[in-house]
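First up is the structure itself, then whatever we jot down about it.
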Amino acid sequence: MTEPVVIRITVNGVEYEKSVEPRLLLSDFLRNDLGLTGTHVGCEHGVCGACTVLVNGESARSCLFLAVQLDGAQVETVEGLGTAHAMHPIQQAFHECHALQCGFCTPGMLITTVDLLKKFPEADDEQIREGLSGNLCRCTGYQNIVRAVRMAADELKAREVKEAAS
Amino acid sequence: MTDASLKAVDERQDGVAEELATRPKIIGARVKRTEDPRLLTGKGAYVDDRKVAGMLHVAFRRSDHSHALIKSIDVSAARQAAGVVAVLTAEDMSEINAVFATSRMRDYHTTPITALASKKVRYVGEPIVGVVAKSRYLAEDALELIEVEFEPLPVVIDPETACLPSAAVLHDDAGTNVLCFREFKTGDADAAIASAPIRVSGRFRFYRKTPVAMENRTYLAEYEVGRDELTLYTSSQVPGIIRDALSDALDMPGSQLRVIAPDVGGGFGGKASLYPEEIFVAVAARRLGCAVKWTSDRMEDLAATSQGFDQIVNAELALDANGNAVALKADVIGDVGAYSIYPWTAVIEPVQVVSFLPGPYKIANYLGRVRGVATSKPPTGPYRGVGRPTSTFVTERLMDMAAQRLGMDPVALRLRNMIQPDEFPHRIGSGIIWDQCAFTECLNAACDKVDYPTLRARQAQARAAGRWFGIGVACYAELTGIGSRISVAPGMPINTGTETAKITIDSTGAVTAAFGVTAMGQGLETTLAQVVAEHLGGRVKDIRVIQGDSAAVPNATGSYASRSAVLAGGAATLAAKEVKDKIIRAASHLLETGPEDLVVEDGKVSVVGTDRALTFRQLARAVYLEMRRIPADKREELASTKTYDPVFGTSATAAHLAVVEINPDTLEIKLERFVVAEDCGRLINPMIVDGQVHGGVAQGIGAALYEEVVYNDEGQNVTASLVDYIIPTATEIPPIEVVHIEAASLTTLGGFRGMGEGGTIGAPAAVANAVADAVAPLGIDILELPVSPERLFRLIENSKQHKDATHGHET
Numbered sequence: 081m082t083e084p085v086v087i088r089i090t091v092n093g094v095e096y097e098k099s100v101e102p103r104l105l106l107s108d109f110l111r112n113d114l115g116l117t118g119t120h121v122g123c124e125h126g127v128c129g130a131c132t133v134l135v136n137g138e139s140a141r142s143c144l145f146l147a148v149q150l151d152g153a154q155v156e157t158v159e160g161l162g163t164a165h166a167m168h169p170i171q172q173a174f175h176e177c178h179a180l181q182c183g184f185c186t187p188g189m190l191i192t193t194v195d196l197l198k199k200f201p202e203a204d205d206e207q208i209r210e211g212l213s214g215n216l217c218r219c220t221g222y223q224n225i226v227r228a229v230r231m232a233a234d235e236l237k238a239r240e241v242k243e244a245a246s
Numbered sequence: 064m065t066d067a068s069l070k071a072v073d074e075r076q077d078g079v080a081e082e083l084a085t086r087p088k089i090i091g092a093r094v095k096r097t098e099d100p101r102l103l104t105g106k107g108a109y110v111d112d113r114k115v116a117g118m119l120h121v122a123f124r125r126s127d128h129s130h131a132l133i134k135s136i137d138v139s140a141a142r143q144a145a146g147v148v149a150v151l152t153a154e155d156m157s158e159i160n161a162v163f164a165t166s167r168m169r170d171y172h173t174t175p176i177t178a179l180a181s182k183k184v185r186y187v188g189e190p191i192v193g194v195v196a197k198s199r200y201l202a203e204d205a206l207e208l209i210e211v212e213f214e215p216l217p218v219v220i221d222p223e224t225a226c227l228p229s230a231a232v233l234h235d236d237a238g239t240n241v242l243c244f245r246e247f248k249t250g251d252a253d254a255a256i257a258s259a260p261i262r263v264s265g266r267f268r269f270y271r272k273t274p275v276a277m278e279n280r281t282y283l284a285e286y287e288v289g290r291d292e293l294t295l296y297t298s299s300q301v302p303g304i305i306r307d308a309l310s311d312a313l314d315m316p317g318s319q320l321r322v323i324a325p326d327v328g329g330g331f332g333g334k335a336s337l338y339p340e341e342i343f344v345a346v347a348a349r350r351l352g353c354a355v356k357w358t359s360d361r362m363e364d365l366a367a368t369s370q371g372f373d374q375i376v377n378a379e380l381a382l383d384a385n386g387n388a389v390a391l392k393a394d395v396i397g398d399v400g401a402y403s404i405y406p407w408t409a410v411i412e413p414v415q416v417v418s419f420l421p422g423p424y425k426i427a428n429y430l431g432r433v434r435g436v437a438t439s440k441p442p443t444g445p446y447r448g449v450g451r452p453t454s455t456f457v458t459e460r461l462m463d464m465a466a467q468r469l470g471m472d473p474v475a476l477r478l479r480n481m482i483q484p485d486e487f488p489h490r491i492g493s494g495i496i497w498d499q500c501a502f503t504e505c506l507n508a509a510c511d512k513v514d515y516p517t518l519r520a521r522q523a524q525a526r527a528a529g530r531w532f533g534i535g536v537a538c539y540a541e542l543t544g545i546g547s548r549i550s551v552a553p554g555m556p557i558n559t560g561t562e563t564a565k566i567t568i569d570s571t572g573a574v575t576a577a578f579g580v581t582a583m584g585q586g587l588e589t590t591l592a593q594v595v596a597e598h599l600g601g602r603v604k605d606i607r608v609i610q611g612d613s614a615a616v617p618n619a620t621g622s623y624a625s626r627s628a629v630l631a632g633g634a635a636t637l638a639a640k641e642v643k644d645k646i647i648r649a650a651s652h653l654l655e656t657g658p659e660d661l662v663v664e665d666g667k668v669s670v671v672g673t674d675r676a677l678t679f680r681q682l683a684r685a686v687y688l689e690m691r692r693i694p695a696d697k698r699e700e701l702a703s704t705k706t707y708d709p710v711f712g713t714s715a716t717a718a719h720l721a722v723v724e725i726n727p728d729t730l731e732i733k734l735e736r737f738v739v740a741e742d743c744g745r746l747i748n749p750m751i752v753d754g755q756v757h758g759g760v761a762q763g764i765g766a767a768l769y770e771e772v773v774y775n776d777e778g779q780n781v782t783a784s785l786v787d788y789i790i791p792t793a794t795e796i797p798p799i800e801v802v803h804i805e806a807a808s809l810t811t812l813g814g815f816r817g818m819g820e821g822g823t824i825g826a827p828a829a830v831a832n833a834v835a836d837a838v839a840p841l842g843i844d845i846l847e848l849p850v851s852p853e854r855l856f857r858l859i860e861n862s863k864q865h866k867d868a869t870h871g872h873e874t
């Protein structure tokens, strides 16, 4: 089956209807068809984690999905997190802690952190390291990333407390 | 260095000392990075993110043989395939000049670098045919239709065998696989060794690694037909070098050729050389009259990006009975792979090993011999640390072996043999001269950080309880920020000794600082803005740093060899000061005040003690637009271009200390603690320096414990995925504790020493020593890295068998 297939997909809250080749990877679809180049491709074999996105709320490797599999799905990418002028608390924490250098693995790290802190808001350092172990970074030695995730966890909890109080 | 030149250094030091007396405000601050917001929000601009109308995509048919003659290539079916625009072989590119990494070194043989292999292939993964199509998918489809007929030649895998006269020769023009030979000699090492009471030696092996930048190499050539102008966007560390090389290869003037490295996703040396694929996209774009892009996949990266290290070192250290080192002798064979990489040559890796072996120690007699040997594997090139991870591993292992033999503490033995603070400058046996280096200060600081005596006591308790607990230290120095009198690789005909800064205040008052250096993650946009802001009197956030663009300055190379802070920082200092002088002269007219009463700060110039001030914007309008305010003959463009040459350069140094515990059942090696005490001179941004140290150490830990590129007997890479070539994850790297010594360099502008590579230089040796210390009770030496659990298991089993055999013989 090589004929294009029409899919409906919601990415960062925007609905798209696109005709795609069945063999088109989700990562290539996001980057080339939608122009969302914040999702990076580091290995194309599911090891490095740079291309991590949220699929229906769960972190997933966009290089291991075909776009056609996601007909009807909700996808979130780094572009959906925050903007340069209004960063998400996780992005802000990465900035504060110098948790990125070349920035190539960063979108995947951020998205993995969203999922990690949603599931384990009280994660300690060991759990954070375990949670990030599917994302490779060659620049930072991970130390500042771990620090940033902890800072983001604290900030997100503080916000929750504040919201609950108000 | 001659006596006269040493004197010249002394004289320059006086001037710099004065400079250091004033404490800067912005230099030294933990300024948050200006590049972060775009990179954190998915708005970075890496090469592969760039899309151009009509852009075509390339896929390469690569060699599946290690060494073979190409008998025929049939591309007729591929040319007919859907979406294919062109299929090019070496034959189709005969008008393109080969590029040669030349050197004035004696006994050196160069090899041609071309876009595609012709007649012969020399490693698995070498590009043979380039398919240009409307999408990468279609280009890859067409690869399946290409028929290449090979006639296999003998595979050349083992570098020692490759030296033998009977070995198959990879390059007929060279006539030998030994592409370079060099010897460094001071005193009489053989005689000193023969009469020394303590001798330790080993055959050391530092296996092949690969840089694994998270962004794979990507090249996009855009072509403007009307002007015959080519712009190459490249994930390169050295756009200036690439521009100059392409000018030769394509016979195009630099004015029609622009090379831009935008956001680059890591380099570590793997993006510091010219690549065949880079030449290919440039040629294809010009040939086809449109934009052509190639993006490597990870398998191609692991197969065809320059690899690192891969040396065999037979070395011996001799000491007197008191533990004073008297002689060091080493014979190095470097497996340099199939080609002499451009521009660094095959010399760079192996020769740096023998150049740096004496390290921070006083060793009167030294003999170092090195051969760089071609094999049918991908070329090696610069990889973070370049040669020094190996030399440090060897020398620091020998130091520990000697300490064990002498019954001395390894730290005490090092302190005894180190060049002392009052003994600089000091010339080591290979000829390198260390300027004022903080060798003993770093080692003492690392030991203080861990409370070394208490740590040793803890180790004794752990050992008594049967635990495998080890402590390892490693000390080194590297040449950094080298100037025009010293070449990065010997005899290389490119200038690695200068960099240029061009600082402009335009008619809106905006400051632009343009450089030829490139950032591939090290935050130069921020640190260079700090240097400019400091000396100009501007604000960091207002300074737009342009870098990685060959058109920004007339000549540049790029970022490598821990040079950018020193060279670009020096150039930024000179240019910023000149622009500041011009600001003061203009403001002096406008505010009718003597220059001595003016201060430039935070983007404005003010009269001291008053509220009279001009912002850069107001000043620039007056200079450029309001023509009657400054007399024509006093009007100056608010710009300066300056080139900085540190002439000799400087050195950076560190002591690394690792604490490991090994699980005796699984042989898992767990790093419990890792401390770095480092001196990179005056810090520009301590936050960024810490980050560089962390990352370098993580790579060094990878090199010590996990990473190895393995080629089988057929020359096939059996580690060509990230499942097989294992780099550390967050669970393997411990928190890294960093102590800064900050002994400002006296030989460079601003006192910067440069850093970036150091983490990778010290860590493998420190980890190796810690592992060796942990298993010392078993009578095992660590002579090979990586020391994976498998390698450790074999060592233990061999040792057991050896003991059993000895035991059997005795009974």
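Chains A and B supply the protein sequences, listed in that same order. Residues 81 to 246 (the numbering used here) are what the first sequence spells out, left to right. Residues 64 to 874 (the numbering used here) are what the second sequence spells out, left to right. All residues carry an ideal CB built from backbone N, CA and C; glycine is no exception.
Asked	Found
Bridge-paired residues (DSSP) for B/Cys243	B/Gly435
Cβ pair count under 8 Å reaching 3, the region 417-425 of chain B against the region 164-177 of chain B	no
Helix, strand or coil at B/Cys510 according to DSSP, with G and I counted as helix	helix
Contact set for B/Phe123: own chain, Cβ-Cβ below 6 Å, skip 5 residues either direction	Pro190, Gly193
B/Gly712 to B/Asp314 span [Cα, whole Å]	34 Å
Supposed contact pair B/Glu770 and B/Gly448 - C-beta distance, whole angstroms, cut 8 Å	Wrong, their Cβ atoms sit about 13 Å apart, outside the cutoff.
Spatial neighbours of B/Glu363 in its chain, beta-carbon cut-off 6 Å, leaving aside the 5 residues before and after	none
Under the three-state DSSP convention, the category B/Ile566 falls into	strand
Cβ pair B/Pro376, B/Phe247 closer than 7 Å	Residue identity differs from the one stated: residue 376 of chain B is Val in this sequence, not Pro. Result no, Cβ atoms of B/Val376 and B/Phe247 do not sit closer than 7 Å.
Proximity test, Cβ basis, 7 Å: A/Pro187 and chain B	yes
B/Met277 versus B/Ala324, B/Asp514, B/Lys334, residue with shortest Cα-Cα distance	B/Lys334
Spatial distance of A/Val121 from A/Ala140 (CA atoms)	13 Å
CB of B/Ala718 within 7 Å of CB of B/Cys538, strictly	yes
Contact under 7 Å by Cβ, B/Val882 with A/Val127	In the structure as shown, chain B begins at 64 and stops at 874. Residue 882 of chain B is therefore absent and cannot be evaluated.
Segment limits, alpha helix (DSSP H) that includes B/Thr294	Premise fails: B/Thr294 lies in the beta strand (DSSP E), 292-297, not in any alpha helix (DSSP H).
Under 7 Å from the C-beta of B/Lys88: neighbouring residues of chain A	By Cβ distance, chain A contributes nothing, its closest Cβ being about 20 Å from B/Lys88, past 7 Å.
Cβ pair count under 8 Å reaching 3, the region 843-861 of chain B against the region 739-753 of chain B	no
DSSP-derived helix/strand/coil call for B/His128	coil
Helix, strand or coil at B/Ala835 according to DSSP, with G and I counted as helix	helix
Cutoff 7 Å: B/Ile799 Cβ touching any chain A Cβ	yes
Top-ranked residue by Cα proximity to B/Ser808, from B/Glu223, B/Met464, B/Ser129, B/Gly633	B/Gly633
Proximal residues to B/Ile693 (C-beta, below 8 Å), its chain only, five neighbours per side dropped	Ala649, His652, Leu653, Ala685, Val686
B/Gly529 vs B/Val710 beta-carbon contact at 7 Å	no
7 Å Cβ cutoff met for B/Glu588 and B/Thr97	yes
Contact between the region 288-303 of chain B and the region 615-625 of chain B (3+ Cβ pairs under 8 Å)	yes
Residue of B/Ala324, B/Gln593, B/Tyr186, B/Val94 minimising C-alpha distance to B/Gly778	B/Tyr186
7 Å Cβ cutoff, B/Thr281 in contact with chain A	no
Where the region 123-151 of chain A meets chain B: residues whose CB sits under 8 Å from a CB there	Cys123, Glu124, His125, Val127, Cys128, Ala130
Beta-carbon proximity list for B/His234, same chain, < 6 Å, skipping 5 on both sides	Thr174
Min CB distance B/Glu278 to chain D below 7 Å	Within the model displayed, chain D is absent; protein chains A and B are what it includes.
Residues of its chain near B/Arg490, where Cβ-Cβ distance is below 6 Å and the 5 sequence neighbours each way are ignored	Ile496
A/Gly214 beta carbon less than 7 Å from that of A/Gly129	yes
C-alpha gap between B/Leu179 and B/Ile549, whole angstroms	33 Å
Rounded separation between B/Gly303 and B/Ile323 - CA only	9 Å
Length at least 3, wholly inside the region 659-720 of chain B: the beta strand (DSSP E) runs in chain order	661-664, 667-670, 676-678, 702-707
Exposed unless 16 or more other CB atoms sit within 10 angstroms - verdict on B/Glu158	exposed
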